[in-house]
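A.B. asks: Handing you a structure now.
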Amino acid sequence: MQYLRNVWYVAAWDDEVASEALVQRTLLNESILLFRDEENQPHAIANRCPHRFAPLHLGKRVIGGVQCPYHGLQFNGQGQCIHNPQGAIPKAAVVRSYPLVEKYSMLWIWMGEPEQADPSKIPDFSCQDPNESYVAKRYLHVKANYVLETDNILDLSHIQFLHPGSLGSSAVASAITSVEQQGNTVISKRQTVGDILPEFLYRQRRIPVGTPVDRWIDVRWDAPASMLLEAGSVATGNPRNEGVSNFIAHIFTPETDTTSHYWYSVCNPLSTGDEGRDRAEAFVTGLTQPFRDEDLPMLEAQQQMIGEAEFWSLKPVLLAGDAGAVRARRVLDKMLAEERDLIAST
Amino acid sequence: MQYLRNVWYVAAWDDEVASEALVQRTLLNESILLFRDEENQPHAIANRCPHRFAPLHLGKRVIGGVQCPYHGLQFNGQGQCIHNPQGAIPKAAVVRSYPLVEKYSMLWIWMGEPEQADPSKIPDFSCQDPNESYVAKRYLHVKANYVLETDNILDLSHIQFLHPGSLGSSAVASAITSVEQQGNTVISKRQTVGDILPEFLYRQRRIPVGTPVDRWIDVRWDAPASMLLEAGSVATGNPRNEGVSNFIAHIFTPETDTTSHYWYSVCNPLSTGDEGRDRAEAFVTGLTQPFRDEDLPMLEAQQQMIGEAEFWSLKPVLLAGDAGAVRARRVLDKMLAEERDLIAST
Amino acid sequence: MQYLRNVWYVAAWDDEVASEALVQRTLLNESILLFRDEENQPHAIANRCPHRFAPLHLGKRVIGGVQCPYHGLQFNGQGQCIHNPQGAIPKAAVVRSYPLVEKYSMLWIWMGEPEQADPSKIPDFSCQDPNESYVAKRYLHVKANYVLETDNILDLSHIQFLHPGSLGSSAVASAITSVEQQGNTVISKRQTVGDILPEFLYRQRRIPVGTPVDRWIDVRWDAPASMLLEAGSVATGNPRNEGVSNFIAHIFTPETDTTSHYWYSVCNPLSTGDEGRDRAEAFVTGLTQPFRDEDLPMLEAQQQMIGEAEFWSLKPVLLAGDAGAVRARRVLDKMLAEERDLIAST
Numbered sequence: 313m314q315y316l317r318n319v320w321y322v323a324a325w326d327d328e329v330a331s332e333a334l335v336q337r338t339l340l341n342e343s344i345l346l347f348r349d350e351e352n353q354p355h356a357i358a359n360r361c362p363h364r365f366a367p368l369h370l371g372k373r374v375i376g377g378v379q380c381p382y383h384g385l386q387f388n389g390q391g392q393c394i395h396n397p398q399g400a401i402p403k404a405a406v407v408r409s410y411p412l413v414e415k416y417s418m419l420w421i422w423m424g425e426p427e428q429a430d431p432s433k434i435p436d437f438s439c440q441d442p443n444e445s446y447v448a449k450r451y452l453h454v455k456a457n458y459v460l461e462t463d464n465i466l467d468l469s470h471i472q473f474l475h476p477g478s479l480g481s482s483a484v485a486s487a488i489t490s491v492e493q494q495g496n497t498v499i500s501k502r503q504t505v506g507d508i509l510p511e512f513l514y515r516q517r518r519i520p521v522g523t524p525v526d527r528w529i530d531v532r533w534d535a536p537a538s539m540l541l542e543a544g545s546v547a548t549g550n551p552r553n554e555g556v557s558n559f560i561a562h563i564f565t566p567e568t569d570t571t572s573h574y575w576y577s578v579c580n581p582l583s584t585g586d587e588g589r590d591r592a593e594a595f596v597t598g599l600t601q602p603f604r605d606e607d608l609p610m611l612e613a614q615q616q617m618i619g620e621a622e623f624w625s626l627k628p629v630l631l632a633g634d635a636g637a638v639r640a641r642r643v644l645d646k647m648l649a650e651e652r653d654l655i656a657s658t
Numbered sequence: 313m314q315y316l317r318n319v320w321y322v323a324a325w326d327d328e329v330a331s332e333a334l335v336q337r338t339l340l341n342e343s344i345l346l347f348r349d350e351e352n353q354p355h356a357i358a359n360r361c362p363h364r365f366a367p368l369h370l371g372k373r374v375i376g377g378v379q380c381p382y383h384g385l386q387f388n389g390q391g392q393c394i395h396n397p398q399g400a401i402p403k404a405a406v407v408r409s410y411p412l413v414e415k416y417s418m419l420w421i422w423m424g425e426p427e428q429a430d431p432s433k434i435p436d437f438s439c440q441d442p443n444e445s446y447v448a449k450r451y452l453h454v455k456a457n458y459v460l461e462t463d464n465i466l467d468l469s470h471i472q473f474l475h476p477g478s479l480g481s482s483a484v485a486s487a488i489t490s491v492e493q494q495g496n497t498v499i500s501k502r503q504t505v506g507d508i509l510p511e512f513l514y515r516q517r518r519i520p521v522g523t524p525v526d527r528w529i530d531v532r533w534d535a536p537a538s539m540l541l542e543a544g545s546v547a548t549g550n551p552r553n554e555g556v557s558n559f560i561a562h563i564f565t566p567e568t569d570t571t572s573h574y575w576y577s578v579c580n581p582l583s584t585g586d587e588g589r590d591r592a593e594a595f596v597t598g599l600t601q602p603f604r605d606e607d608l609p610m611l612e613a614q615q616q617m618i619g620e621a622e623f624w625s626l627k628p629v630l631l632a633g634d635a636g637a638v639r640a641r642r643v644l645d646k647m648l649a650e651e652r653d654l655i656a657s658t
Numbered sequence: 313m314q315y316l317r318n319v320w321y322v323a324a325w326d327d328e329v330a331s332e333a334l335v336q337r338t339l340l341n342e343s344i345l346l347f348r349d350e351e352n353q354p355h356a357i358a359n360r361c362p363h364r365f366a367p368l369h370l371g372k373r374v375i376g377g378v379q380c381p382y383h384g385l386q387f388n389g390q391g392q393c394i395h396n397p398q399g400a401i402p403k404a405a406v407v408r409s410y411p412l413v414e415k416y417s418m419l420w421i422w423m424g425e426p427e428q429a430d431p432s433k434i435p436d437f438s439c440q441d442p443n444e445s446y447v448a449k450r451y452l453h454v455k456a457n458y459v460l461e462t463d464n465i466l467d468l469s470h471i472q473f474l475h476p477g478s479l480g481s482s483a484v485a486s487a488i489t490s491v492e493q494q495g496n497t498v499i500s501k502r503q504t505v506g507d508i509l510p511e512f513l514y515r516q517r518r519i520p521v522g523t524p525v526d527r528w529i530d531v532r533w534d535a536p537a538s539m540l541l542e543a544g545s546v547a548t549g550n551p552r553n554e555g556v557s558n559f560i561a562h563i564f565t566p567e568t569d570t571t572s573h574y575w576y577s578v579c580n581p582l583s584t585g586d587e588g589r590d591r592a593e594a595f596v597t598g599l600t601q602p603f604r605d606e607d608l609p610m611l612e613a614q615q616q617m618i619g620e621a622e623f624w625s626l627k628p629v630l631l632a633g634d635a636g637a638v639r640a641r642r643v644l645d646k647m648l649a650e651e652r653d654l655i656a657s658t
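Chains as they are written, first to last, in my numbering: chain H, 313 to 658; chain L, 313 to 658; chain W, 313 to 658.
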């Protein structure tokens with residue numbers, strides 16, 4: 313499977329890589345080692361020692377880098393060998409290193425051409441800026457291709473069928489939806505009227521339980537699968553600006569062709585204090601149950617039914633609610649084709 | 313692996329598909345949904361929703377059909393979409409449906425050309441007619457190719473070696489066997505003299521435990537792997553018509569190339585009342601131990617040794633007892649070749 | 313994966329094949345049956361019955377051979393069918409048999425051309441001769457290719473990093489190493505000065521715990537992966553002949569391309585009596601912990617990182633300590649190439 317290379321992927325939450333820890337993570341079918349140096353700078357290098365191919369993450373953090381568990385070669389965050397216990401450092405003793413940026417409470421990795429790794433291309437998740445917000449962070453592992461996840465988030469008509477008890481009725485019939493595209497960014501908006509929410513959402517939005525609400529969920533998608541939702545509600549009939557909304561991030565990185573990493577969060581401004589922190593944690597905990605127990609089994613069942621087949625080769629029937637997801641797939645396919653052309657022309 | 317298509321396969325016992333239930337079963341490598349409509353009519357349709365490929369069996373039975381668990385499309389037993397919550401029904405929203413007949417306490421599926429699906433071609437298992445007989449039903453899943461099961465049932469010389477304690481001595485040396493073919497039906501008969509039975513069989517046949525018996529097992533095979541046994545015994549020296557015999561069905565359907573579904577039964581006429589019902593249940597329970605604990609491990613071990621190889625490519629040595637099984641394999645191969653020719657000529 | 317054929321492989325310890333036992337072992341991707349006849353002679357034959365491909369090891373030992381569990385064919389140690397319960401013995405009822413020699417407490421199998429199976433080519437492990445020595449025997453199963461095991465034993469610089477607590481410091485910096493080749497035999501020697509041993513080794517060598525020692529480990533390698541170590545130590549500054557040393561065998565046979573059988577031992581002369589026996593057992597028990605808990609996980613992790621790739625295609629960086637292992641790999645590759653040429657020219 314071809315993956316976009318010249319794009320930022322999330323590799324981890326910032327606190328998934330503690331100081332001294334050696335974190336192995338497979339991204340785009342490659343085994344990557346994530347670690348922090350003694351100045352707390354995070355690094356990403358190939359996890360396979362070039363000597364006898366031992367995985368470096370079984371070794372240990374040393375001053376200046378990591379030490380291979382098998383014969384003690386040491387490598388720094390740039391992938392250069394900095395110590396050979398048996399003598400001179402062989403010229404070939406190098407592992408690939410990947411540009412890695414810590415931003416918005418996340419570690420962003422660039423697995424394409426290093427000279428193109430421009431941090432300003434990281435999509436805006438400033439709601440997750442740890443200097444501004446408390447970020448309630450979660451991670452799930454999914455046995456499904458990452459684009460199925462994009463499909464899921466960009467077509468929320470599934471709430472009525474997959475999450476009736478847990479995320480609200482969100483009656484499809486009453487939904488007003490729109491899709492726009494700005495460059496390679498896709499924006500999919502959805503508003504329902506007279507919706508009934510699950511209890512934890514009434515508490516979050518400070519609306520009496522059972523009150524019919526107007527509910528909106530606006531999703532911004534950027535390649536490969538980085539989505540930011542602004543989700544809110546207000547008692548039906550009142551203006552949107554009297555309601556309460558939150559930013560919710562959903563970001564996916566392919567692990568393999570049929571498995572994905574899934575990071576999601578709810579944020580509240582630091583100014584909301586302990587109460588805001590507790591509310592963000594309660595919110596993300598409330599979301600975890602339907603994500604883990606309702607979405608994931610469905611995505612994994614889809615993946616089982618699809619198997620190795622290419623998505624479009626199965627000739628999916630398109631419904632109105634697919635507009636956003638299809639737009640995102642088209643953008644992704646175009647970007648993939650551009651990278652193919654680039655490779656072919658060089 | 314090529315499978316016969318224009319033939320009736322068993323998909324389930326009638327009571328495996330309860331009303332309201334959505335039963336997923338993989339048959340011939342295809343995921344099939346079995347369900348009953350509100351008139352109790354059973355249906356078989358492809359289990360993969362044509363929209364986003366969710367498996368329909370995770371959805372629910374609705375009036376007129378089934379509802380997809382993900383976005384709520386509904387399909388009837390003919391595979392037609394009957395409801396789209398998001399608007400008009402797309403023309404392409406169709407899943408394949410399969411002719412399905414409820415007969416002899418079983419659901420028979422036709423996975424070939426629908427116009428050829430003639431219910432009169434279902435082999436005669438009228439001993440299982442629920443209007444005539446009490447049918448003690450069992451199901452096992454087998455990790456072996458279905459034709460290995462045909463080999464097993466058509467060569468009962470294995471009883472002496474695989475089932476000495478559980479199904480009797482059935483001394484190979486004393487066996488009189490014959491094989492005939494009528495059209496595509498193979499009939500394999502076997503009689504042993506002075507055999508010793510396991511206790512449960514003496515009770516079934518109402519013969520004092522330990523009495524030497526004459527024992528006959530006549531097997532009728534029809535493609536793909538539908539076998540009916542008439543098995544009986546009488547105290548040695550007495551005429552066969554003074555003995556007691558039963559009909560025992562063994563029917564196999566390929567799940568995948570290396571796994572099979574296995575249905576078997578013992579019947580007694582409804583006229584035998586509760587006693588006949590209890591006796592049929594005791595009989596099939598007595599058979600289950602050797603089938604599950606002796607035959608299945610052997611078949612699965614065979615499959616392991618054969619791996620992906622084509623059976624004849626391994627040049628099996630043939631013994632006298634193989635006559636019936638080889639005949640059945642030849643008929644199956646001829647029928648498969650005919651379907652290949654048919655496909656090639658169209 | 314190509315394996316050397318015209319070479320002796322270890323199939324089992326002598327006592328792994330008890331009288332009456334039928335032992336299945338996969339060697340070089342082939343399922344082999346090991347058993348002893350009524351004269352206690354060990355035999356190796358293909359484990360797949362040529363009739364219906366049942367694995368013979370599920371059958372039973374009979375006079376003169378083994379009986380197939382499914383239909384009762386019997387085969388002797390030469391692979392010939394000696395009994396067919398259904399009549400005459402078919403000419404084709406034969407399984408392959410393999411030359412098998414019991415020597416040095418082990419069963420050695422020859423999986424190449426039988427006429428070349430010369431027992432004098434078995435490498436010298438006379439330290440394991442049961443008439444001379446007590447042999448403390450162990451077996452481990454390893455999920456890694458057998459040549460990675462050769463790499464491991466021939467480059468003991470890993471002791472410092474992989475076994476610091478369990479097998480001693482063995483400071484790489486102080487090591488004096490040499491490699492020689494005699495025909496197809498590779499000899500790799502290693503001496504360290506001022507080494508600190510684990511407690512169990514001080515006891516074995518009768519040196520006060522904590523005394524700095526001079527330590528030597530001389531390894532002899534023969535294809536495919538049969539290694540004999542002479543390992544000893546003496547308090548630093550004293551001559552080697554005042555120290556204590558032992559013979560330790562490490563022998564590997566490929567099970568599949570990515571899994572191996574591993575036999576290792578420690579011996580003491582029979583003249584050392586019960587004390588020598590107990591000491592050999594304590595020694596091999598002391599070695600088992602680091603072999604099983606430190607080496608095996610590393611080898612299996614290496615195998616995971618290498619996957620299906622050919623070793624040299626990954627362009628391993630070479631360090632000084634690799635001299636012996638690389639020499640052995642070159643010899644093995646040369647012998648494999650010779651067998652390829654031989655096959656091509658016939």
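The beta-carbon is built from N, C-alpha and C at its ideal position, and this holds for glycine as well.
These numbers were taken from a predicted model, which means no experiment stands behind them.
What are the partner residues of isoleucine 344(W), as DSSP defines its beta bridges?
C.D. replies: Paired residue(s): Arg337(W) and Ala358(W).
A.B. asks: I want to verify the contact list: residues of chain H whose CB lies under 8 Å from the CB of glycine 376(L), in sequence order.
C.D. replies: Going along chain H, no residue has its Cβ under 8 Å from glycine 376(L), so there is no contact; the nearest lies around 17 Å.
A.B. asks: Measuring only the C-alpha atoms, how far is proline 442(L) from asparagine 580(L)?
C.D. replies: Cα to Cα, the separation comes out at about 10 Å.
A.B. asks: Contact check, glycine 549(W) vs leucine 513(W) under 8 Å by CB: the rounded distance?
C.D. replies: With 8 Å as the limit, glycine 549(W) and leucine 513(W) do not qualify as a contact, their Cβ atoms being about 18 Å apart.
A.B. asks: May I have the straight-line CA-CA distance separating tryptophan 292(L) from lysine 627(W), to the nearest angstrom?
C.D. replies: This structure leaves residue 292(L) out entirely; chain L is present only between 313 and 658.
A.B. asks: Which value, in whole angstroms, describes the spacing of the CA atoms of valine 546(L) and arginine 502(L)?
C.D. replies: Distance between the alpha carbons of valine 546(L) and arginine 502(L): 14 Å.
A.B. asks: Does asparagine 264(W) pass the burial test, meaning 16 or more other C-beta atoms within 10 Å, or should it be called exposed?
C.D. replies: In the structure as shown, chain W begins at 313 and stops at 658. Residue 264(W) is therefore absent and cannot be evaluated.
A.B. asks: So serine 343(H) contacts chain W; which residues on that side make the cut at Cβ distance below 8 Å?
C.D. replies: Those within 8 Å of serine 343(H) in chain W are Met617.
A.B. asks: 7 Å is my cut-off, CB to CB: does tyrosine 321(H) come that close to chain W?
C.D. replies: Not closer than 7 Å to any Cβ of chain W, the Cβ of tyrosine 321(H) fails to qualify, so no.
A.B. asks: According to a CB-to-CB cut-off of less than 7 Å, which residues of the region 459-470 of chain L neighbour chain W?
C.D. replies: Per Cβ criterion, the list reads Asp463, Ser469 and His470.
A.B. asks: Could you work out which residue in Met617(W), His383(W), Asp534(W) and Ile401(W) is closest to isoleucine 434(W) when comparing CA atoms only?
C.D. replies: The shortest C-alpha separation from isoleucine 434(W) is found at Asp534(W).
A.B. asks: Between Cys380(W), Gly424(W) and Arg450(W), which has its C-alpha nearest serine 601(W)'s C-alpha?
C.D. replies: Looking at the sequence itself, residue 601(W) is glutamine, so the reference to serine does not match. Among Cys380(W), Gly424(W) and Arg450(W), the Cα nearest to that of glutamine 601(W) belongs to Arg450(W).
A.B. asks: What does DSSP give as the partner residue(s) for aspartate 526(H) in the beta ladder?
C.D. replies: Aspartate 526(H) is bridged to Val546(H).
A.B. asks: Can you round the beta-carbon distance between methionine 423(H) and tyrosine 321(H) to whole angstroms, since I take them to be within the 8 Å contact cut?
C.D. replies: Right, the Cβ-Cβ distance comes to about 7 Å (below 8 Å), so this counts as a contact.
A.B. asks: Please decide whether alanine 365(H) counts as near chain W, where near means a Cβ-Cβ distance under 7 Å.
C.D. replies: For the record, residue 365(H) in the displayed sequence is phenylalanine; it is not alanine. With 7 Å as the cut-off, phenylalanine 365(H) counts as an interface residue toward chain W.
A.B. asks: Using DSSP with H/G/I as helix, E/B as strand and the rest coil, what is leucine 648(H)?
C.D. replies: Helix at leucine 648(H).
A.B. asks: For leucine 654(W), does the count of other Cβ atoms within 10 angstroms reach 16, so buried, or fall short, so exposed?
C.D. replies: With fewer than 16 other Cβ atoms within 10 Å, it is exposed.
A.B. asks: If leucine 566(L) and leucine 340(L) are in contact, beta carbons under 8 Å, what's the gap, nearest whole angstrom?
C.D. replies: The residue you asked about is not leucine; residue 566(L) is proline in the sequence shown. Right, the Cβ-Cβ distance comes to about 6 Å (below 8 Å), so this counts as a contact.
A.B. asks: State the Cα-Cα distance for the pair alanine 366(H) and leucine 412(W), rounded to the nearest angstrom.
C.D. replies: Alanine 366(H) and leucine 412(W): Cα-Cα distance of roughly 36 Å.
A.B. asks: Nearest CA to the CA of aspartate 569(W): which residue from Glu542(W), Tyr458(W), Gln493(W) and Met647(W)?
C.D. replies: When each option's Cα is compared against that of aspartate 569(W), the closest is Tyr458(W).
A.B. asks: Rounded to whole angstroms, what's the CA-CA distance from phenylalanine 559(W) to lysine 455(L)? Just pull it up for me.
C.D. replies: Between phenylalanine 559(W) and lysine 455(L), the C-alpha separation is close to 47 Å.
A.B. asks: Could you check the C-alpha separation between aspartate 436(H) and alanine 400(H) for me, to the nearest Å?
C.D. replies: The alpha-carbon atoms of aspartate 436(H) and alanine 400(H) are separated by roughly 45 Å.
A.B. asks: In terms of residue numbering, what span does the beta strand (DSSP E) encompassing valine 596(W) cover?
C.D. replies: Segment 585-602 is the alpha helix (DSSP H) holding valine 596(W); no beta strand (DSSP E) there.
A.B. asks: Could you please give the first and the last residue of the uninterrupted alpha helix (DSSP H) stretch that includes threonine 570(H)?
C.D. replies: Taken as a continuous stretch (DSSP letters only), threonine 570(H) belongs to no alpha helix (DSSP H), as it is neither H nor E.
A.B. asks: Is any non-hydrogen atom of the ligand GDP found closer than 6 Å to the C-beta of glutamine 440(L), if you look at the structure I gave you?
C.D. replies: Inclusion of the ligand GDP in the displayed structure is not the case, the ligand content being empty and no account of it being possible.
A.B. asks: May I have a chain-ordered list of the beta strand (DSSP E) segments no shorter than 3 residues that lie completely inside the region 454-496 of chain W?
C.D. replies: 488-494, all fully within the region 454-496 of chain W.
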